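All residue numbers for the sequence shown refer to the numbering used here, where the first residue is -12 and numbers rise by one. Glycine included, every Cβ here is placed at the ideal spot set by N, Cα and C. Note that this is a predicted model, so its numbers are computed, not measured.
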Amino acid sequence: MLTYDSKTYNNKRILSIMKTNKLTPLYILLFAVVALVGCVNDDDFNVPNLTVEEPQLDGDVITIDALISLYLQELNDEANDLGIDPSDTQAIEELRDGFAVDLSDNTNYISGFVISSDENGNFFEEIIIQNNASNASAGVRVLIDDSPLFSSYEFGRKVFVKLAGLHVGDSNGVLTLGISSGLEKIAPALRENFVKRSVEVAEIVPNEVSIADFSESLENTFVKVSDVQFRKEDVVDAAVTFAGEPGDQFDGERILVSCDVNTTTILSTSTFASFKSLPLPAGRGSVSAVLTRNFFGDTFNLAINNRDDVNFDSDERCDPDVLECEGEAVTGAQTVFVETFESINDEDDLDGTWTNVNTSGGSTRFILDDFSGNQYLRISGFNTDEDPINVWLVTPAISLNSNTDEALSFDIQAAFDNGKILKAFITTDYTGDPLTTTWTQIDANIPSGPSSGFGDFESSGLINVSCLEGDLHLGFLYEGADPAATTRYHIDNVRVTGN
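This is the structure in structure tokens:
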């Protein structure tokens, strides 16, 4: 049976009469007046109801924290059933991949505040909610096969998520709610059945943290990191965009450097974001973003909702002072010093000529390694259980007294990257102890590598050291921590040339 509201019915009836009867202009005018009056007096019928009412829930409301506890308990039970030692963190992490808890019999809801927005394209078919509008201590990602979502679940909106019919598990390294054990997205037709809006829209106050504070407990929460800047090579030496470079696929990953402490993190921007082609700002300031992880789930990332979440209100950068010899560096005709590590049998051969020392009390040092017939020195903090990891590798003395136009270079390969934690320095006053030596940092290219694999060997670039005299020592400082900062580096082909 077809039904019409009164306005639609009157209009359709008028059109029908006009088609079947020969009407005089007077009758047409009268019918038009009737139709107009009907529109004016009946306008309440077709105005959609845009108001939000507090939902009537058919279950109790629990916290996101309680949901996380439930998940971790089920994970531990599964580990026990498989005979996995709960203290074996690597085995537990491997178990989490693909493990999901069926919530079909759970009649509860969770409540939270939306901290993500797909309005500018940096989030897609998901909302991130945290447990409190301020001082948040837990969050969860909810997958929804619909877009846009910001018009219903805007930033700060309180929502209730029905657990029955969902699964909770680890996806891309963060706690996620979805359909079935594969954590599929909630269908559009079921969206409002699972995710219900409250009338409350709160002001979200980010947790002010440092990069060093990033932890699993802060995942899926809105954080603010202050006094940070993008790398000099991305914004001073070049004009790199958020995610508009030829090599950006799916996401552009840009390194943020803390000015307070020696830590870095990744700002990840979708190549579908509306601001992807805007240049990164060159100053320093704060970033407010969702703390999440990269696609592989092994590295903390920040994801902003819009360009304004990057608030660099100072033009003054915090780049360290570096060696600046006048003139352009050139490769000299003579080799002053070269080390390819091909004649080294093991890292013990370096002792007595090179300095290779862990100054933080651990056992991690640079070690000899090879691949495809090429030998190099390798260091990684992965699986060392050391925090911090401070390791110095210092060359033998390189005399600069017999040449001119000296230039320094070396090759570095980065792998399994979770932050840039290697620096290069020089000195002409080496005491034999890296900690009591006065060092000058050099503006060398320390490459970034993929988070799960190997990059290519890249040159440091030619570094002009012609303004120095005496015995030069080149020092590499690895500043890591397991598991937060464990990037693997290979060093090869250390060379000084001159004329």
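Those residues which DSSP pairs with N451 across a bridge: What you label residue 451 is simply residue 464 of the sequence shown in a count that begins at 1. DSSP, once it has assigned bridges, lists A394 as partnering N451.
Paired residues, beta bridge with N159 - DSSP: Against the sequence shown, residue 159 aligns to sequence position 172. For N159, which the question treats as bridged, DSSP gives no partner whatsoever.
Inter-residue spacing [alpha-carbon to alpha-carbon] between L54 and L164: The count along the sequence shown starts at 1 and reaches residue 54 at position 67. The count along the sequence shown starts at 1 and reaches residue 164 at position 177. A direct Cα-Cα distance of roughly 10 Å separates L54 from L164.
Burial state of V283 (16 or more Cβ within 10 Å): Taking the sequence shown and counting its residues from 1, the one referred to as residue 283 is at position 296. Checking the sequence, you will find Phe at residue 283 rather than Val. Exposed, since its Cβ has fewer than 16 Cβ neighbours within 10 Å.
CB contact flag (E303, R271, <8 Å): Translated into the one-based positions of the sequence shown, residue 303 becomes position 316. Translated into the one-based positions of the sequence shown, residue 271 becomes position 284. Yes, these two residues count as a Cβ contact at 8 Å.
Three-way DSSP call (helix, strand, coil) for V222 in this model: If you number the sequence shown from 1, residue 222 lands on position 235. Looking at V222 - three-state DSSP - the assignment turns out to be helix.
F324 and I385 closer than 8 Å at C-beta: In the sequence shown, the residue the question calls residue 324 occupies position 337. In the sequence shown, the residue the question calls residue 385 occupies position 398. Going by C-beta atoms, F324 is nearer than 8 Å to I385.
Run of the alpha helix (DSSP H) containing N180, from where it starts to where it stops: As a first step, residue 180 must be located in the sequence shown, where it is residue number 193. First-last of the alpha helix (DSSP H) with N180: R178 to F181.
Helix, strand or coil at S138 according to DSSP, with G and I counted as helix: The residue you call residue 138 lines up with position 151 of the sequence shown. DSSP places S138 in coil when its eight states are reduced to three.
Spatially closest choice to V248 from T208, A199, I242 and V223, by CA coordinates: Translated into the one-based positions of the sequence shown, residue 248 becomes position 261. The option with the nearest alpha carbon to V248 is A199.
Strand pairing of F201, partner residues [DSSP]: The count along the sequence shown starts at 1 and reaches residue 201 at position 214. Per DSSP, none; premise fails for F201.
Assigned secondary structure, I376 (DSSP; H/G/I helix, E/B strand, else coil): Mapped onto the sequence shown, residue 376 falls at position 389. Strand.
Beta strand (DSSP E) segment containing I114, residue limits: Working through the sequence shown from its first residue, we reach residue 114 at position 127. Segment E113 to Q117, the beta strand (DSSP E) holding I114.
Neighbourhood of L337 by C-beta, 6 Å cutoff - its chain only, sequence neighbours within 5 removed: In the sequence shown, residue 337 corresponds to position 350, counting from 1. Cβ within range, chain order: N343.
For R83, the first and last residue of its enclosing alpha helix (DSSP H): By one-based count along the sequence shown, residue 83 stands at place 96. Where R83 is concerned, the enclosing alpha helix (DSSP H) stretches over T76 to R83.
From T484, V129 and G442, residue whose alpha carbon lies closest to that of I478: Working through the sequence shown from its first residue, we reach residue 478 at position 491. Ranking the options by Cα distance to I478, first place goes to G442.
Delimiting residues of the beta strand (DSSP E) encompassing A290: In the sequence shown, the residue the question calls residue 290 occupies position 303. Per DSSP, the continuous beta strand (DSSP E) segment holding A290 begins and ends at F287 to A290.
Selected residue, minimal CA-CA separation from A394, among V483, V381, Y58 and D374: Looking up residue 394 in the sequence shown gives position 407. Out of V483, V381, Y58 and D374, V483 has the C-alpha closest to the C-alpha of A394.
Distance CB(A320)-CB(N207) smaller than 8 Å: Translated into positions along the sequence shown, residue 320 becomes position 333. Translated into positions along the sequence shown, residue 207 becomes position 220. No, they are not a contact pair.
Where E334 sits in the DSSP three-state scheme: Here residue 334 corresponds to residue number 347 of the sequence shown, with the count starting at 1. In this structure, E334 counts as helix in the three-state DSSP scheme.
Spatially closest choice to A189 from D132, G239 and N118, by CA coordinates: The residue labelled residue 189 in the question sits at position 202 within the sequence shown. It is N118 whose Cα lies nearest to the Cα of A189.
Spatially closest choice to I115 from L278, E171 and H154, by CA coordinates: As a position in the sequence shown, residue 115 is number 128, starting the count at 1. Minimum Cα distance to I115 is reached at L278.
As assigned by DSSP and simplified to three states, the class of R0: What you label residue 0 is simply residue 13 of the sequence shown in a count that begins at 1. With a pLDDT of only 36 at R0, under 50, the local geometry of the prediction cannot be trusted, and no value is derived from it.
E456 to W379 span [Cα, whole Å]: Taking the sequence shown and counting its residues from 1, one reaches residue 456 at position 469. Taking the sequence shown and counting its residues from 1, one reaches residue 379 at position 392. One C-alpha to the other measures close to 23 Å.
Separation of I253 from T327, as counted between CA atoms: As a position in the sequence shown, residue 327 is number 340, starting the count at 1. As a position in the sequence shown, residue 253 is number 266, starting the count at 1. Their backbone Cα atoms lie some 32 Å apart in a straight line.
Opening and closing residue of the alpha helix (DSSP H) in which N63 lies: On the sequence shown, residue 63 is found 76 positions in, with the first residue counted as 1. Where N63 is concerned, the enclosing alpha helix (DSSP H) stretches over I51 to D68.
Inter-stretch contact at 8 Å, needing at least 3 Cβ pairs: the segment 133 to 148 / the segment 79 to 94: No contact exists between the segment 133 to 148 and the segment 79 to 94.
Cβ-Cβ separation, D52 to A125 (assumed contact under 8 Å), whole Å: As a first step, residue 125 is located in the sequence shown; it is residue number 138 there, counting from the start. As a first step, residue 52 is located in the sequence shown; it is residue number 65 there, counting from the start. The Cβ separation is near 5 Å, so the contact holds.
Where T(-10) sits in the DSSP three-state scheme: Reading the sequence shown from its first residue, position 3 is the one you call residue -10. Caution is warranted here: a pLDDT of 36 is assigned to T(-10), below 50, making its placement in the model unreliable, and no coordinate value can be reported.
Limits of the unbroken beta strand (DSSP E) element including I478: Here residue 478 is taken as the residue at index 491 of the sequence shown, counted from 1. Run containing I478: R475 to G485, per the beta strand (DSSP E) assignment.
Simplified DSSP assignment, three categories, for P266: Sequence index remark: in the sequence shown, residue 266 carries index 279 (1-based). Strand, per DSSP.
Whole-angstrom distance between D392 and A316, CA atom to CA atom: Taking the sequence shown and counting its residues from 1, one reaches residue 316 at position 329. Taking the sequence shown and counting its residues from 1, one reaches residue 392 at position 405. Between A316 and D392, the C-alpha separation is close to 8 Å.
For S273: DSSP bridge partner residues: If you number the sequence shown from 1, residue 273 lands on position 286. Under DSSP, the beta-bridge partners assigned to S273 are N298.
Rounded C-alpha distance that separates R241 from F217: Here residue 241 refers to the residue found at position 254 of the sequence shown. Here residue 217 refers to the residue found at position 230 of the sequence shown. If I take the Cα positions, the gap works out to 7 Å.
Short Cβ contact (8 Å threshold) for V481 with F397: Start at 1 with the first residue of the sequence shown, and residue 481 comes out as number 494. Start at 1 with the first residue of the sequence shown, and residue 397 comes out as number 410. Contact: yes.
N- and C-terminal bounds of the beta strand (DSSP E) containing Y417: Here residue 417 refers to the residue found at position 430 when the sequence shown is read from its first residue. Premise fails: Y417 is in no beta strand (DSSP E) and is neither H nor E.
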